[in-house]
Structure formats: C-alpha cells, structure tokens
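Beneath this line is the structure, given in structure tokens, with notes to follow.
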Amino acid sequence: MIYCFQHYYRELDKYKPVGRKFYLRDTVIVSRELLGKLIIRKIKSETLIAKITETEAYRGEDDPASHSFLKMTRRNKVMFDTGGKVYVYFIYGNYYCFNIVTEKKGTGSAVLIRAAEPVEGIEAMKAFRGKIKNIYELTNGPGKLCKALNIDKLLYGKDATEEGEIFISHPVKREKFQILSTKRIGISKGADLPFRFFIKDSPFVTKHKFNREVIIPGS
DNA sequence: TATTCGATGTGCT
DNA sequence: GCACATCGAATAC
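Numbering-wise (numbering that gives the first Met the number 0), the first sequence opens with residue 0 and increments by one.
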C-alpha cells in the first residue's frame, strides 16, 4: 500500500509546470530556453507529451514581424497579458499556431512553438494528424504540431504555468544539447533577425533551407 | 532534390 | 480585397 502511494505521488510530481518567472524575461532568452521543455496536453483521460525542439521569438514594440507590432486587437490581445499565457491563432485558412506569451504585462511579445519531438500519446497524435509518412513528420512544423496535439482557439488565453488542459513542464531529465539559430521562417518584415532557435541535429525540426545558414552556433 | 503553387478563412485596411 | 508566423502535392530538373 505504501509503495502504491509513493508511486502515485511520484507520477503526479513527474511533470512540473515551468513557473511564471521563467517567462517574465527577455523573449529571445525565453525562446532559447524553451527548447527541451515539455508540452503537456491533457485531453480527457489522455496525456499527450512532446519535447520542444524549435521556437521563434516575436518581440513587442520593436519587431515588425510580431502580431503585436501595430496595436492591440481582438486577436493579439493576450500577447499583451503577462508572460506564461497561451496565444493561439489561425493562419492560412487551415492551421493553428501555438505561442507562449513572454515578458511583463503590456509588452506584447511571445514565442512561437514551431516543432517538437513526440514523447507520449503518439498513437493519439497520429489519429489527430491523419496520414503521415514517418514519425518525424508528426510534429515538425507549427501547423502540424497543433494538429497532433489538438490545439485550437479553445486554448486561447489559458495559463501555461498551471496544470490544466495545456501547460509547459520542466523535462524529467536534464539533457545537454546545442542550440542553433537562423532567420525566422515565412515572414517578410523583420526577416533578417536571427530569432529562430532549434536543437542541433534533432530530426524533429522543420526541414528548411535556413537550416544550412546557421547564424549563431553554440551554447 | 529544389521550387512552385493551390487550398483555405480570418483579421485588418 | 489582400496579406498571412503553413502544408503537401505537383512540377521541373
């Protein structure tokens, strides 16, 4: 009996939300440090888990590529909330993109989660995604990731620092990897800023020609 | 293997 | 009416 209780509590404790303070820092730093963290997505009794492998930083005020650049609108409103909130938007008539708001309230900055490595609930992810050729295509892209984790507008404004339908967890084991940086993908304004980050040699990142034009090796 | 292009719908001018 | 933080199929080589 005692063993069962210990086991029970350890499972509960396994995935620990990253706290608010983590997000209340410079967006570029948060963007880099989100690599390796876990997205925990709870759907009914199922828990889907994916390790973040690729992100992009979108700064407030001085970043013309950011949705928050011009002014607050109904769509970007949550970007101006406190760091740690979930920003989901719909793009190209087909896809959702999943972001975590950063910095203090009023800044208007966020990190786009572009790709992840499936960890748990892979069969459920496949079911949400539909036909795929191989495991590497399951979540290697912002639209694909949202489809696999069933992320849509319903999660807009949720708090990723609280254990709910979706949150970000510290990894169970600390892991060493190198971070590479390139320009951001698919934008026209602010296109030269090196604000895309990904885990070196991970097969679970987007396949893009920018991968050959790495700007900052290291870390 | 690299590049182009169509589908799709919402937000904003 | 147009731009868009995408994807995957089709095309050209």
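By construction, the Cβ of each residue, glycine as well, lies at the ideal position given by its N, Cα and C atoms.
None of the values given here were measured: they were computed from a predicted structure.
Secondary structure of Y22 (DSSP, three-state): helix.
In the DSSP assignment, I198 falls within the beta strand (DSSP E) that extends over 195–198. In this structure M124 is buried. Its beta-carbon is surrounded by 16 or more other beta-carbon atoms within 10 angstroms.
With fewer than 16 other Cβ atoms from the protein chains shown falling within 10 Å of its own Cβ, N133 counts as exposed. Taking the Cα of I51 as reference, the smallest distance to any Cα among V100, R58, V204, Y57 is reached at V204. Contact between V100 and M78 holds: CB atoms are separated by about 6 angstroms, below the 8 angstroms threshold. Shown here, E122 sits in a helix according to DSSP, grouped into three states. The beta carbons of G140 and A114 sit about 6 angstroms from each other, so the pair counts as a contact at 8 angstroms. Collapsing the DSSP output to three states places N210 in a helix. Taking a cut-off of 8 angstroms for Cβ pairs, the region 151–164 and the region 192–199 do not touch, as fewer than three such pairs fall below it. Linking E45 to I39 through their CA atoms gives a straight-line distance of about 10 angstroms. A Cβ-Cβ contact shorter than 8 angstroms links K84 with D158. By the CB criterion at 8 angstroms, E119 and I48 fall inside the cutoff. A Cβ-Cβ separation of about 6 angstroms places K103 in contact with L23 under the 8 angstroms criterion.
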